[in-house]
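Notes follow the structure.
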Amino acid sequence: MQQFIEQQKKKGEYLSIDKAWEVIAQIGLAVDQLHNNGIIHRDIKPANVLLTNDFRVKLADFGLAKKLEPGKDVKTTQYGTFLYIAPEIHHPTKVENANPTKVEIDQEKIMRKRFAPDIFAVGVMLFELLTFKLPFVHENENYKDIQINEWTRRVLEEEPSELPQCFPENMRKLIMQMLEKNPLHRITAKEILEVPDVIASLEKSDQQCESDELTIYQ
Numbered sequence: 001m002q003q004f005i006e007q008q009k010k011k012g013e014y015l016s017i018d019k020a021w022e023v024i025a026q027i028g029l030a031v032d033q034l035h036n037n038g039i040i041h042r043d044i045k046p047a048n049v050l051l052t053n054d055f056r057v058k059l060a061d062f063g064l065a066k067k068l069e070p071g072k073d074v075k076t077t078q079y080g081t082f083l084y085i086a087p088e089i090h091h092p093t094k095v096e097n098a099n100p101t102k103v104e105i106d107q108e109k110i111m112r113k114r115f116a117p118d119i120f121a122v123g124v125m126l127f128e129l130l131t132f133k134l135p136f137v138h139e140n141e142n143y144k145d146i147q148i149n150e151w152t153r154r155v156l157e158e159e160p161s162e163l164p165q166c167f168p169e170n171m172r173k174l175i176m177q178m179l180e181k182n183p184l185h186r187i188t189a190k191e192i193l194e195v196p197d198v199i200a201s202l203e204k205s206d207q208q209c210e211s212d213e214l215t216i217y218q
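In case it helps, the UniProt record's numbering puts the sequence shown at residues 1 to 218.
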C-alpha cells in the first residue's frame, strides 16, 4: 500500500468514496480475522499491507505479531514504526489518567484493550491513504522533521486532524473512532464490520467474486 499511496500522491489522485469504503472494509476484515485467531499484528502500516489490483487487502510482515495466551499480557515494548503506535503504547498510565472511567474488569474489556493498538494503526494508515497526510502532522509540516518525543506528545495530548469535508460524515466518524485515545473506547475490528457502508462494500465484493467465478467456469 505504501507504493500505491506514493503513486497516487504524485499524480494528485485521491480515492473515490466507493474505493475508500472498499479498502476500509477489506482492512477491517483482515484485521478481524487476525484478532479472532488471538493474534495481534503490532506493526500495521502501509508498507506491511499488500493491495492487489482489484483492491484486495493482505496483511504482511508478521515479525512482531504475537499470539495471545490466556492469563498472559503482551509486552508493550515490541511494537513497530512510531508513526503508527497507539497512545497507550507510548505512555499507558497517561492515557488511563486522561480518561478516568471506572470500568468493570472483565475478559471482553481486557481483550478489547489488547487488540486496540492494531486499530489505532489502521486509523493512521487509512487517514494517510485518504489524505496523503498523517493525522498528527500540522499544516505545511513534513513528518520527517518531527522528533519522536514531539510525535509522542502530539499522539498523547493533541486531537488528530479532521478529515476533509469531501469525505462522508460516517467515514470521517469511523476513522476518528479508530484514532480514539482511550483503548477501551476505541472501535474494534468486529464493530468496523458492523458499519452499514462496510457491510455493503463487502457484499458487493462477494457478488463480484461470484460473478468472476461464473465467468471462469462457464
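Where a beta carbon is used, it is the ideal one built from N, C-alpha and C, also for glycine. These numbers come from a predicted model, not from an experiment.
- Within the model, the alpha-carbon separation for Ile17 versus Leu126 is close to 13 Å.
- Distance from Pro196 to Met176 at the Cβ level is roughly 17 Å; contact not present, criterion being Cβ atoms closer than 8 Å.
- As DSSP reads the structure, Val198 sits in no beta bridge.
- Between Met178 and Phe120, the C-beta spacing is below 8 Å.
- Residue environment for Pro87: buried (at least 16 other C-beta atoms within 10 angstroms of its C-beta).
- If you ignore the 5 residues before and after Leu50, its C-beta comes within less than 6 Å of the C-beta of Lys58, Ala60, all in its own chain and listed in chain order.
- The beta carbon of Leu29 sits closer than 7 Å to the beta carbons of Leu193, Leu202 from its chain, once the five residues preceding and following it are set aside; these are given in chain order.
- Shortest Cα-Cα distance from Pro164 to any of Leu83, Val23, Leu130, Val124 involves Leu130.
- Around the beta-carbon of Tyr84, 16 or more other beta-carbon atoms lie within 10 Å, marking it buried.
- Phe55 and Leu15 have their C-alpha atoms some 11 Å from each other.
- Look at Lys58 here: in three-state DSSP terms it is strand.
- Closest in C-alpha terms to Ile40, from the list Glu139, Asn53, Val122, comes Val122.
- The secondary-structure analysis by DSSP pairs Leu50 across a beta bridge with Lys58.
- For Val23, same chain residues with a beta-carbon under 8 Å away, outside a window of 5 residues either side, are Leu15, Leu51, Phe55, Val57, Leu126, Leu129 in chain order.
- In the structure shown, the three-state DSSP call for Lys204 is helix.
- Taking C-beta separations shorter than 6 Å and ignoring five residues to either side along the sequence, the partners of Ala47 in its chain run Gln2, following chain order.
- Across the structure, Phe132 and Gln107 are spaced so that their CA atoms are roughly 37 Å apart.
- Using a 10 angstroms sphere on the CB of Ala200, the tally of other CB atoms stays under 16, which defines it as exposed.
- When the five nearest sequence neighbours on each side are left out, the beta carbons in the same chain lying within less than 8 Å of the beta carbon of Trp21 are those of Met171, Asp197, Val198, Ala200, Ser201, in order along the chain.
- DSSP places Gly12 outside both helix and strand once states are collapsed to three, so it counts as coil.
- Distance check between Thr152 and each of Val137, Glu162, Glu191 places Val137 closest, using alpha-carbon atoms only.
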